[in-house]
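Residue numbers (the working numbering): 34 to 444. Quick reminder that beta carbons are idealized off the backbone N, C-alpha and C, glycines included. Since we're looking at a predicted model, the values are computed, not measured. Encoded as structure tokens, the structure appears first; notes follow it.
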């Protein structure tokens, strides 16, 4: 396969995009981790309603990503990179005051939805910009650097968030707002436009999605992503509430568990990148990575101590190191040059269906099995193994698709 370990040869703008992701993750990741706790512990919102709020946010985010992916293919990347974080700054500061003054929880949910919409509009531009700045052979390295820097921030963020939560959950949102100021400053100063469309226009062209829908391999990969999104979602809100509310671990311990994830990504991602670049295909390694998640879910069925939860997170992180870099690598390799944002948007739209039901049904099932939580995690593990098999079966068609392929422009 045409992938090389090429970290040192990347365009400097990839590193600035990655630095911005580090700062963003350091400040914002705690807001994602601790928001379910704030709903449940501070506002006494039920598991079911919390899952519904998080699930609806996923769908809203996906719809915005769908259209913003097409937009960024029409007008370029930079406007989305530097404009969309600006309202996020104001919204995070607003969330700080909402929690500080203990205003109704639906104010907090509404403000959080606003951040999700802005993030969704920006996300395809970030991913497409990395693809713009890397050749096919360097692309896996480019997305890996982006991910490692984001997870370096994610290693620091939960510890900061756990510490700040001792003095008040509202401080988590203050940190998120300040970090976003730094993020947009770096993007404005150091990341110039990466893509100049041949036919720029002010809005998305729905007809461009026909190329994605006619791409049979991409559609099958996307359907697999729907199911994967459902099961992957269980390592988010379900795991958070399982550890904190059902196993009664303190918030700071939860912060350390998630911090381990970011730390191990930084430590292991580049060695794993070397392995992925040399042997087999990203689809095959994606299948292997999903197996690690299944093993972690099995272990969760018998975990009730802090050290066991750390082991669970370590196993999940190894799986994540195989799975996460392959997502955008596969999608942007399949897409023509002028359809990268569109493909990213289409994939995120449909995979969000799985994430929606994963948040909503997942938390509902966890509550239903609250007295026998081992059954919940065993069912999740079985479904995860089925997804791994699906990706395994996609490997040969992917090899055939890539043989002799080269980057083109769709017309």
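Might you give, ordered along the chain, the residues of its own chain that have their beta carbon closer than 6 angstroms to the beta carbon of residue 284, omitting 5 neighbours on each side?
-> Position 251 of the chain shown, counted from the start, is the residue given in the question as residue 284. Excluding five sequence positions before and after residue 284, the CB atoms of its chain that fall closer than 6 angstroms to its own CB belong to 195, 198, given in chain order.
Considering only the beta carbon of each residue, do residue 264 and residue 417 sit closer than 8 angstroms?
-> Position 231 of the chain shown, counted from the start, is the residue given in the question as residue 264. Position 384 of the chain shown, counted from the start, is the residue given in the question as residue 417. With a cutoff of 8 angstroms on beta-carbon distance, residue 264 and residue 417 are scored as near each other.
With respect to the alpha helix (DSSP H) encompassing residue 203, which residues constitute its N-terminal and C-terminal limits?
-> To locate residue 203, count along the chain shown from 1; it is residue 170. Segment 203-223, the alpha helix (DSSP H) holding residue 203.
Near residue 364, which residues of its chain fall below 7 angstroms by C-beta distance, leaving aside the five closest residues on each side in sequence?
-> Looking up residue 364 in the chain shown gives position 331. The answer, listed in chain order, is 376, 377, 380.
Completely contained alpha helix (DSSP H) runs for the stretch 106-181, where each covers 4 or more residues | The stretch 106-181 contains these whole alpha helix (DSSP H) runs: 111-116, 118-133, 138-165.
Should the stretch 400-409 be called in touch with the stretch 115-130, which here means at least 3 C-beta pairs below 8 angstroms?
-> Contact between the stretch 400-409 and the stretch 115-130 is absent, because fewer than three Cβ pairs lie under 8 angstroms.
Could you check if residue 361 is buried or exposed, using at least 16 other CB atoms within 10 Å of its CB as the buried criterion?
-> The residue you call residue 361 lines up with position 328 of the chain shown. Flag for residue 361 reads buried.
Burial state of residue 201, where buried means 16 or more other Cβ atoms lie within 10 Å = Within the chain shown, numbered from 1, the residue matching residue 201 stands at position 168. With fewer than 16 neighbouring CB atoms inside 10 Å of its own CB, residue 201 falls in the exposed class.
Is residue 280 helix, strand or coil by DSSP?
-> Within the chain shown, the letter at position 247 stands for residue 280. Judged by DSSP in its simplified three-state form, residue 280 adopts coil rather than helix or strand.
Should residue 225 be labelled buried (16 or more other beta-carbon atoms within 10 Å of its own) or exposed?
-> The sequence position of residue 225 within the chain shown is 192, counting from 1. Burial call: exposed.
DSSP three-state call for residue 389: helix, strand or coil?
-> Position 356 of the chain shown, counted from the first residue, corresponds to residue 389. Three-state result, residue 389: helix.
Exposure label - residue 444; buried when at least 16 CB within 10 Å | In the chain shown, counting from the first residue as 1, residue 444 sits at position 411. For residue 444, the predicted model reports a pLDDT of 49, less than 50, meaning its position is unreliable; a value from the coordinates is still stated below. So residue 444 counts as exposed.
Residue 368 - containing alpha helix (DSSP H), residue span = On the chain shown, residue 368 is found 335 positions in, with the first residue counted as 1. Note, residue 368: premise wrong, no alpha helix (DSSP H); not H, not E.
Skipping 5 residues on each side, what residues in its chain have a beta carbon closer than 7 angstroms to that of residue 221?
-> Working through the chain shown from its first residue, we reach residue 221 at position 188. Excluding residues up to 5 positions away in sequence, 115 lie with their Cβ nearer than 7 angstroms to the Cβ of residue 221 in the same chain.
Could you tell me whether the Cβ atoms of residue 251 and residue 372 are closer together than 8 angstroms?
-> The residue you call residue 251 lines up with position 218 of the chain shown. The residue you call residue 372 lines up with position 339 of the chain shown. Going by beta carbons, residue 251 and residue 372 fall outside the 8 angstroms limit.
Among 259, 301, 203, 349, which has the Cα closest to the Cα of residue 272?
-> Position 239 of the chain shown, counted from the first residue, corresponds to residue 272. Comparing alpha-carbon positions, the option among 259, 301, 203, 349 lying closest to residue 272 turns out to be 349.
Report yes if the CB atom of residue 299 is closer than 8 angstroms to the CB atom of residue 190, and no otherwise.
-> Position 266 of the chain shown holds residue 299. Position 157 of the chain shown holds residue 190. The answer is no: Cβ separation not under 8 angstroms.
Helix, strand or coil: how does DSSP classify residue 430 here?
-> In the chain shown, the residue the question calls residue 430 occupies position 397. The answer is helix: DSSP assigns residue 430 an H, G or I state.
Does DSSP classify residue 93 as helix, strand or coil?
-> For the purposes of this step, residue 93 is taken as residue 60 along the chain shown, with counting starting at 1. Helix at residue 93.
Along the chain, where does the alpha helix (DSSP H) that runs through residue 273 open and close?
-> Within the chain shown, residue 273 is the residue found at index 240, counting from 1. Its alpha helix (DSSP H) spans residues 270-274.
At a cut of 8 angstroms, does the stretch 93-106 reach the stretch 123-132 through at least three beta carbon pairs?
-> Fewer than three pairs of CB atoms, one per stretch, sit closer than 8 angstroms, so the stretch 93-106 makes no contact with the stretch 123-132.
Out of curiosity, what's the CA-to-CA distance linking residue 280 and residue 74?
-> Position 247 of the chain shown holds residue 280. Position 41 of the chain shown holds residue 74. Going by the C-alpha atoms only, they are around 14 angstroms apart.
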